[in-house]
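S.K.: Heads up, the sequence shown is in the numbering used here, so the first residue is -11 and it goes up one at a time.
Once you've had a glance at the structure underneath, I'll fire off some questions.
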Amino acid sequence: MALMADSLTVPKEWLSLQLDLTPIKFHKQKKSPSPVSLPRGDQKLKLHKDPWVLKKKLTISDIDNLFRLMLKKVLVQVHVLPFMEEEQVEEMNNEAGARVEIKDLDTGLDHELTLRMWTGSRCYVLNDNWRESFVRRRKLNAGDEIWMYWDRYNLCFFFTVRGRLLNFSGNGNSSL
């Protein structure tokens, strides 16, 4: 026999109100589990990959009148080039270079610079406004640490100043 529930027909055997009142048995644990021991050096838990793959302590040549930031070739080849558009990669390897956007996360400002292969030292450089947009505006000095990464979705660099070298002058004042 079937029952009608509005316009749904279901077999009577599906409509059982019997409850299973079998008690649940809990097992007592006789002793607490021994703590997991990790070998020395493996105690750091890393939940995600650090996106800030271009980390650099600025050198005098990065902030002087050469007007460019040098980036290690291998870091750019591994962490930037595979995620750029083909057209940008081709432009970057010719003398003119490729225009790239850099988002300064500390200030919220966007800047456009040129990324290209530096033929003399076989590294990559960011130039055209590096000195004005970053060194002067952010008051960067040799020894300051900057971090950058290429965002593969927005096709731009993200930039932050992670550490400042403290300069102590003879009058007891320090400048950041």
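Each residue gets a CB set at the ideal place from its N, CA and C atoms; glycine is no exception.
(1) Helix, strand or coil for F146, going by three-state DSSP, please let me know.
(2) In the DSSP assignment, what residue or residues form a beta bridge with K37?
(3) Which residues in the same chain have their Cβ closer than 6 Å to the Cβ of M136, if we skip the five residues on either side of it in sequence?
(4) Could you check which residue in Y141, M105, H99, L128 has the C-alpha nearest to that of M72?
(5) Which residue wins for smallest C-alpha separation from V77, given the options R104, K60, K91?
(6) Report the start-end ranges of each beta strand (DSSP E) in the stretch 70 to 137 that is 3 residues or longer and not cut off at the edges.
(7) Beta carbon of K44, beta carbon of I134: below 8 Å?
(8) Looking at the unbroken beta strand (DSSP E) that takes in K44, where does it start and where does it end?
(9) Since H67 and W118 should fall inside the 8 Å C-beta cutoff, what is the C-beta to C-beta distance between them, to a whole number of angstroms?
(10) Tell me whether V88 is buried or exposed, calling it buried when 16 or more other Cβ atoms sit within 10 Å of its Cβ.
(11) Have a look at D132 and Y112 and give me their C-alpha separation to the nearest angstrom.
(12) Using beta-carbon positions only, say whether R152 and L114 come within less than 8 Å of one another.
(13) Per DSSP, R56 is paired with what?
(14) So the alpha helix (DSSP H) V64 belongs to, where does it begin and stop?
M.R.: The short version:
(1) Residue 146 sits at position 158 when you count from the first residue of the sequence shown. In this structure, F146 counts as strand in the three-state DSSP scheme.
(2) Start at 1 with the first residue of the sequence shown, and residue 37 comes out as number 49. None, per the DSSP bridge assignment.
(3) The residue labelled residue 136 in the question sits at position 148 within the sequence shown. Excluding sequence neighbours, M136 sits near L42, F145, F147.
(4) Walking along the sequence shown from the start, residue 72 turns up at place 84. When C-alpha distances from M72 are compared across Y141, M105, H99, L128, the shortest belongs to Y141.
(5) Counting from 1 along the sequence shown, the entry for residue 77 is found at position 89. Measuring from the Cα of V77, the nearest candidate turns out to be R104.
(6) 86 to 92, 97 to 106, 111 to 115
(7) The sequence position of residue 44 within the sequence shown is 56, counting from 1. The sequence position of residue 134 within the sequence shown is 146, counting from 1. Less than 8 Å separates the beta-carbon of K44 from that of I134.
(8) Here the question's residue 44 lines up with position 56 in the sequence shown. Residues 42 to 45.
(9) By 1-based counting over the sequence shown, the position of residue 67 is 79. By 1-based counting over the sequence shown, the position of residue 118 is 130. About 19 Å separates the two Cβ atoms, so there is no contact after all.
(10) Locating residue 88 in the sequence shown gives position 100, where the first residue counts as 1. Buried, since its Cβ has 16 or more Cβ neighbours within 10 Å.
(11) Start at 1 with the first residue of the sequence shown, and residue 132 comes out as number 144. Start at 1 with the first residue of the sequence shown, and residue 112 comes out as number 124. Each residue's Cα considered, the two are about 20 Å apart.
(12) On the sequence shown, residue 152 is found 164 positions in, with the first residue counted as 1. On the sequence shown, residue 114 is found 126 positions in, with the first residue counted as 1. No, Cβ-Cβ distance for R152 and L114 is not below 8 Å.
(13) Numbered from its first residue, the sequence shown carries residue 56 at position 68. In the DSSP output, where bridge partners are listed per residue, R56 has N115.
(14) Along the sequence shown, one-based indexing puts residue 64 at 76. Run containing V64: 61 to 67, per the alpha helix (DSSP H) assignment.
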